[in-house]
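Peer 1: Here the protein sequences come in this chain order: A and B.
Take 1 as the starting number for the first sequence in the numbering used here and just add one per residue.
Take 183 as the starting number for the second sequence in the numbering used here and just add one per residue.
Take this structure, written in structure tokens, and hold onto it; I'll ask about it next.
Number of protein chains: 2
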Amino acid sequence: MLTRGETKRARARAAEMLARAGIVLTPEERATIEVADCGLGQLERIGLQIVNYVNTDRYCAKELVLFPRQTCPEHRHPSVEGEPGKMETFRCRWGTVWLYVEGVATAAIKARVPEGSEAHFTVFHEIALNPGEQYTVPPNTLHWFQAGDDGAIVSEFSSTSRDEIDLFTDPRIERTPKIVED
Amino acid sequence: MLTRGETKRARARAAEMLARAGIVLTPEERATIEVADCGLGQLERIGLQIVNYVNTDRYCAKELVLFPRQTCPEHRHPSVEGEPGKMETFRCRWGTVWLYVEGVATAAIKARVPEGSEAHFTVFHEIALNPGEQYTVPPNTLHWFQAGDDGAIVSEFSSTSRDEIDLFTDPRIERTPKIVED
């Protein structure tokens, strides 16, 4: 869980990164950036910040902001009510992000698996994304990603987002952010 | 129709606008920006430039580039094979764009209806979009838009794009670009 103060600071930091990249938010969007620590309480290392632009029953678009070396932990999007799981296209806008998906493991990966969580990272096929580069993750495919030393901003274009049914490899993870008073 | 030279110049101009806005393209994307004059041969006034990021059977994402006062002409996205028509979210990234949809006509609209095409613009409910502002157009709803005096860049998030079945109010329009040698 995160305290209200931690959430506020992470929001401000993400907003500053977005502004630096020339991505304009409304004041309301800035005030409601989602700060997801995945319930692990180590936001600097595991988690991400999200601007939810739109999520309809047909498509979804978000901006993902990753602090330096911050990691979105391994997960997949299962099928739901007969519909295939969420399909996602990640387009790097700023910085570098290393994306890992199922497939032949890359010999020496560039990301650093977060210490103490090694058991919960199992796919290591590396795709490096720099600004302008993108990759589409098929439904129900395990994936995780980590920003480089300067952090990263990634646009996510996808089918409908249903974050609450994402399946994380790490059973300790709770996707829905919990905020406590300082 | 457009000549190859006109297409090339419009691509270079759109690429420059995108770069100025901090939006990075790959060299391949830059070289294949879609220049759509809608078959009217008056690109400066009617048409638009498009970067197609991704178009799957579930979602689509594009960057739309409009030159100063350039107009995307009135059209709608009909239902297809039992599926509702394309739903689109327009998010302004740079400049100003005025979007017109069905509904109560705005008294004094800010866009200028292209001369000689007045009969083919019939909806005048105005939504002004500045950077960070967005609007979602429901399926099968007539809409058109025009950039302000500096041009505009608009991200389009949507369900699957099937440009070839768009229904334009102006019967002269051909959506699929035709390029002829200079």
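C-beta: ideal position from N, C-alpha, C; glycine also.
Starting from lysine 178 of chain A and walking both ways along the beta strand (DSSP E), at which residues does that stretch end?
Peer 2: Lysine 178 of chain A -> no beta strand (DSSP E), and no H or E assigned at all.
Peer 1: Where does the unbroken beta strand (DSSP E) through arginine 93 of chain A begin, and where does it stop?
Peer 2: It spans 88-101 - the beta strand (DSSP E) in which arginine 93 of chain A sits, taken as one unbroken run.
Peer 1: Do you know offhand how far phenylalanine 327 of chain B's Cα is from arginine 162 of chain A's?
Peer 2: Distance between the alpha carbons of phenylalanine 327 of chain B and arginine 162 of chain A: 32 Å.
Peer 1: Taking 8 Å as the cut-off, does the stretch 183-192 of chain B touch the stretch 142-158 of chain A (at least 3 CB pairs, one atom from each stretch)?
Peer 2: The stretch 142-158 of chain A vs the stretch 183-192 of chain B: no contact.
Peer 1: Which partner residues of phenylalanine 67 of chain A appear in the DSSP bridge assignment?
Peer 2: In the DSSP output, where bridge partners are listed per residue, phenylalanine 67 of chain A has none listed.
Peer 1: Could you name the residues of chain B that arginine 91 of chain A contacts, counting a contact when the two beta carbons are closer than 9 Å?
Peer 2: Tyr235, Val236, Ala243, listed in chain order.
Peer 1: Tell me the residue span of the beta strand (DSSP E) that contains threonine 136 of chain A.
Peer 2: First-last of the beta strand (DSSP E) with threonine 136 of chain A: 134-137.
Peer 1: Closer than 7 Å between beta carbons: that is the criterion. Which residues of the stretch 120-140 of chain A meet it against chain B?
Peer 2: Residues passing the 7 Å Cβ filter: Pro131, Gly132, Glu133, Gln134, Thr136.
Peer 1: Do you know how far the Cα of histidine 259 of chain B is from the Cα of leucine 142 of chain A?
Peer 2: Answer to the nearest angstrom: the Cα atoms are 35 Å apart.
Peer 1: Going along chain A, which residues have a C-beta under 8 Å from valine 286 of chain B?
Peer 2: Chain A residues near valine 286 of chain B: none, gap ~24 Å exceeds 8 Å.
Peer 1: Report all residues from its chain with a CB closer than 6 Å to the CB of alanine 111 of chain A; omit the five preceding and five following residues, and keep chain order.
Peer 2: Answer for alanine 111 of chain A: Trp98, Gln146, listed in chain order.
Peer 1: From which residue to which residue does the alpha helix (DSSP H) around alanine 14 of chain A run?
Peer 2: Run containing alanine 14 of chain A: 4-20, per the alpha helix (DSSP H) assignment.
Peer 1: Is the CB-CB distance between arginine 45 of chain A and glutamate 181 of chain A below 8 Å?
Peer 2: The answer is no: Cβ separation not under 8 Å.
Peer 1: Roughly how many angstroms separate the alpha carbons of cysteine 274 of chain B and alanine 119 of chain A, rounded to a whole number?
Peer 2: Distance between the alpha carbons of cysteine 274 of chain B and alanine 119 of chain A is about 43 Å.
Peer 1: Using the Cβ count rule (16 or more neighbours within 10 Å means buried), how would you classify isoleucine 165 of chain A?
Peer 2: Flag for isoleucine 165 of chain A reads exposed.
Peer 1: Give a yes or no on whether the C-beta atoms belonging to isoleucine 173 of chain A and methionine 1 of chain A are separated by under 8 Å.
Peer 2: Not closer than 8 Å, so no.
Peer 1: Are tyrosine 100 of chain A and glutamate 133 of chain A touching if we call contact CB-CB under 8 Å?
Peer 2: Cβ atoms of tyrosine 100 of chain A and glutamate 133 of chain A: not closer than 8 Å.
Peer 1: First and last residue of the alpha helix (DSSP H) that includes alanine 31 of chain A?
Peer 2: That run of the alpha helix (DSSP H) goes 27-31.
Peer 1: Below 7 Å on C-beta distance, what does serine 159 of chain A contact in chain B?
Peer 2: Those within 7 Å of serine 159 of chain A in chain B are Arg240, Tyr241.
Peer 1: At 9 Å on the CB atoms, spell out the chain A contacts of valine 336 of chain B, in chain order.
Peer 2: Going along chain A, no residue has its Cβ under 9 Å from valine 336 of chain B, so there is no contact; the nearest lies around 12 Å.
Peer 1: Is it true that the CB of leucine 48 of chain A sits closer than 8 Å to the CB of leucine 25 of chain A?
Peer 2: Cβ distance not < 8 Å, so leucine 25 of chain A and leucine 48 of chain A don't count as in contact.
Peer 1: Rounded to a whole number of angstroms, what is the C-alpha to C-alpha distance between threonine 136 of chain A and aspartate 239 of chain B?
Peer 2: If you take the alpha carbons of threonine 136 of chain A and aspartate 239 of chain B, they lie about 13 Å apart.
Peer 1: Output the distance between the C-alpha atoms of alanine 287 of chain B and alanine 12 of chain A, rounded to the nearest integer angstrom.
Peer 2: Cα to Cα, the separation comes out at about 40 Å.
Peer 1: Of the choices A:Gly151, A:Asn140, A:Ala15, whose alpha-carbon is the least far from that of valine 80 of chain A?
Peer 2: The shortest C-alpha separation from valine 80 of chain A is found at A:Asn140.
Peer 1: Under 6 Å Cβ to Cβ from valine 54 of chain A, same chain only, skipping five residues before and after it: list those, please.
Peer 2: Counting only Cβ-Cβ distances below 6 Å, and skipping sequence neighbours, we find Ala61.
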